[in-house]
Amino acid sequence: MAKAKSKKTMERQAPYKVTNSKTQKRKPAKGGKKAAETRAKARSKPPKADHPLAMRSSRPDINAEPTRASEPGHVLVFGSSDCGQLGLGDEILQRKKPYPLRVLDDEQIVDIAAGGLHNMALTADGRLFSWGCNDQRALGRDGDETTPAEIKLDAKGKPVRFIKVACGDSVTVALTDHGVYSWGTYRSSEGLLGFNLHQEIQPVPNLVEGIYEEVVDIAVGADHVLALTKQGELLGWGNGQQHQLGRRIIERRKKNGLRPIKLGLKHVVKIGAGSYHSFAVTQDGQLYAWGLNNFHQCGVASEDGGDEPVVPLPTPITSLKDVRIQQVVGGEHHSLVLSDDGAVYAFGRSDSHQTGLPYTTLPEDVQALDTKREEAKREAKTLGKPFDETLFASHKKAISKPTRLPNCPAFVTVACGSNHNIGLTKDGDIYSWGYGDMLALGNGEEEDEETPTLVEGKRLEDTKVTRIAAGGQHSALLVRPAN
1042 MAKAKSKKTM ERQAPYKVTN SKTQKRKPAK GGKKAAETRA KARSKPPKAD
1092 HPLAMRSSRP DINAEPTRAS EPGHVLVFGS SDCGQLGLGD EILQRKKPYP
1142 LRVLDDEQIV DIAAGGLHNM ALTADGRLFS WGCNDQRALG RDGDETTPAE
1192 IKLDAKGKPV RFIKVACGDS VTVALTDHGV YSWGTYRSSE GLLGFNLHQE
1242 IQPVPNLVEG IYEEVVDIAV GADHVLALTK QGELLGWGNG QQHQLGRRII
1292 ERRKKNGLRP IKLGLKHVVK IGAGSYHSFA VTQDGQLYAW GLNNFHQCGV
1342 ASEDGGDEPV VPLPTPITSL KDVRIQQVVG GEHHSLVLSD DGAVYAFGRS
1392 DSHQTGLPYT TLPEDVQALD TKREEAKREA KTLGKPFDET LFASHKKAIS
1442 KPTRLPNCPA FVTVACGSNH NIGLTKDGDI YSWGYGDMLA LGNGEEEDEE
1492 TPTLVEGKRL EDTKVTRIAA GGQHSALLVR PAN
C-alpha cells in the first residue's frame, strides 16, 4: 500500500510503556551520540501492572538442534541505528531500505536474532557475532559496538558451539552444546534488577545456574526468559513484575525471579514471548498466555480474565482452540499467532497498526471515540487553540480477540519488533506492517503500514529471504540468491 511521503506527526498515541496506567509518550531519538546515550538510558523500564493478581498439532520432534536455513546467507539491515544496531559503523544512523552488512559477508551465517537495540548472527559452525548497544553488556564482549564482532567462549578449555540465540532489551540468551548461556542484565520498573542473585551485570557469556534438564528451545521478552526442556516442561526467569513468569513474585523479593523455576504446564511443545507477556502451546494444541494484558495482548477471553490488566497464570486462549498453531510471537503490547496453513491471527495494541488489521476491524466503541477525537482536533484547529491530548489519554486502540488477518499472503514465519512486524512467505518475499516512524518497515517511508505490505528494493532483487528478525526500531534479514 503506497502512502504519502509527508512525515507523520506524533499527535496520536505513540508506542509507550504503561506505568500505573498513566500514558507516557515516547518520541524516537534521532541522530548522533548524544541521542543514542539518552535513548539507551531511558529505553527499557518495564511497566508496572495496574492490579497484580493471584489448530491442533501433533507433538513435533524435539532435539537440541533447531531448524536453520538450509544454506548460509548474507545479512541485510534497515531502520534506526542511533545505537549502532545496524552494525554499519558509527557514522550511519539509519537505512530506509534493506542494506548489506558487508562485515559478515565472509561468514557462513545461518540465523539472526534482534533485541531492543542489539543483534546476533549465528554461523554454520556454531560461532556467534554481536553488534549494537552494549550499555548493559548485552553483546557479551568488549570492543567496537557499531560493527559485528565474534563472541569468544570456551568451557574447560574447549570451544563452545552455539546452537540458537535470542535477544531481549539488555540481555541475550543462547543454547549451546554445553548448556544454556546468558549475559547482560534484566531490568525492572524501577531500573536495574540484576543478572542473577550474585551480580548485577554479566559482561560475558555465563552458564545459567539451576537448569538440570536438556533445553531445546528458548524465547526471550524484554527482560524475561522461557526455556523449553526435552521433557516438555517450561522454565522461566528474569523480571516477573507483570506476571510474565507465570508465578507470583513478591515485590520486595523480586530478585527471586532471576532463578529458573518450572511452571505448572506440562507437555509443552512450543513457546513464545512478547516484551512483558508469554505463550506456550501444549501437546494437545492448546495455546496458553500470561503476563501483562493492558492492551489485551494475551488474547484471553473476558470470562477467563481477559479484561484484567494482567493474566497472572497460564490461561487458555479458547478462541484459538481449533487452530493448528505453527508459531506464536509478541511485541511490546501486541501478539501474532501463525497457523500451519500460513494464516496470521493478531490481537493487542493497534494504534500504530501493530496488529495489521484494517481500521474497520476495531471495536465500534473505539471507532466512535476515535471519531470524536478527530472532530475535537479539527475544532481546536479552527478556533486556533491547542488540542488537549490529555482528554483522550485513556483512549486505547486494541483488538481483544485473536482475529485473522484478511487478504494476507500465507507466511512460513513471522517476527514482532516492539511495534512493527515482518512476515516471510515460502517464496522468500517479506511483508511488513505497523509502526514506521523509525524506518524499521524497510519500505523507505516514515509512515505506518496498516496491513501487511510487500517490501521491495534493489538489494532484494534476485534474492530469497530465509530468516527475519525485528528489534526495537530496526530489522534484519538473511538472504541468499534466488537460484
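In our numbering, each number is its position in the sequence shown, counted from 1, plus 1041. For each residue, glycine too, the CB sits at the ideal point set by N, CA and C.
If you compare the alpha carbons of 1416, 1454, 1338 and 1510 with that of residue 1385, the shortest gap goes to 1454. Fully contained in the region 1152-1201 are the following beta strand (DSSP E) runs of length 3 or more, in chain order: 1159-1164, 1169-1173 and 1190-1192. Runs of the beta strand (DSSP E) lying entirely within the region 1271-1295, each at least 3 residues long, are 1275-1279 in chain order.
Bridge pairing for residue 1495: 1472 [DSSP].
Note on geometry: alpha-carbon atoms of residue 1314 and residue 1473 lie some 20 Å from one another. Residue environment: residue 1280 is assigned as buried (16 or more neighbouring CB atoms within 10 Å of its CB, all protein chains considered).
Here the C-alpha atom of residue 1190 lies approximately 29 Å from the C-alpha atom of residue 1277.
When 1484, 1520, 1498 and 1438 are compared, the shortest CA-CA separation from residue 1468 is found for 1520.
Cα atoms of residue 1157 and residue 1183: separation of roughly 19 Å, rounded to the nearest angstrom. Ranking 1447, 1350 and 1363 by CA distance to the CA of residue 1325 puts 1363 first. A residue is called buried when at least 16 other Cβ atoms come within 10 angstroms of its Cβ; residue 1213 meets this threshold and is buried.
Shown here for residue 1133: same chain residues with a beta carbon closer than 7 Å to its own, the five before and five after excluded, namely 1122 and 1127 in chain order. By the neighbour-count criterion, in which 16 or more other beta carbons inside 10 Å mark a residue as buried, residue 1400 falls on the exposed side.
CA-to-CA, the gap between residue 1113 and residue 1170 works out to about 15 Å. Taking C-beta atoms as the reference points, residue 1312 and residue 1258 count as a pair closer than 8 Å.
For residue 1423, the enclosing alpha helix (DSSP H) stretches over residues 1405-1423. Counting the other CB atoms within 10 Å of its CB gives residue 1166 a total below 16, which places it among the exposed residues.
Residue state for residue 1245 is assigned as strand, using DSSP reduced to three classes. Beta-carbon to beta-carbon, residue 1456 and residue 1389 are separated by about 15 Å, too far to satisfy the 8 Å threshold.
For the set 1247, 1478, 1302 and 1429, the Cα lying nearest the Cα of residue 1459 is the one of 1478.
DSSP places residue 1462 in the uninterrupted beta strand (DSSP E) bounded by 1461-1465. In this structure the region 1243-1259 lies against the region 1203-1218, because at least three pairs of beta carbons, one per stretch, are closer than 8 Å. Annotation: the continuous beta strand (DSSP E) that includes residue 1139 extends over 1135-1141.
Around the C-beta of residue 1371, 16 or more other C-beta atoms lie within 10 Å, and the residue is accordingly described as buried. 8 Å or more divides the Cβ of residue 1375 from the Cβ of residue 1441.
Here residue 1298 is near residue 1286, since their CB atoms are less than 8 Å apart. Residue 1147 counts as exposed, since fewer than 16 other C-beta atoms from the protein chains shown sit within 10 angstroms of its C-beta.
Looking at the backbone, the Cα of residue 1391 and that of residue 1151 are separated by about 33 Å.
The continuous beta strand (DSSP E) containing residue 1445 extends over residues 1439-1445. In this structure, residue 1120 places its C-beta atom within 8 Å of the C-beta atom of residue 1481. Short of 7 Å from the beta carbon of residue 1233, and not among the five residues preceding or following it, lie these beta carbons of its own chain, in chain order: 1226 and 1241. The beta carbons of residue 1483 and residue 1395 sit no closer together than 8 Å.
Beta-bridge partners assigned by DSSP to residue 1380: 1366. Between the beta-carbon of residue 1222 and that of residue 1200 there is about 13 Å, and that puts the pair past the 8 Å contact cut. The three-state reading of DSSP puts residue 1490 in strand, counting E and B together. Residue 1516 and residue 1510 have their alpha carbons spaced roughly 6 Å apart.
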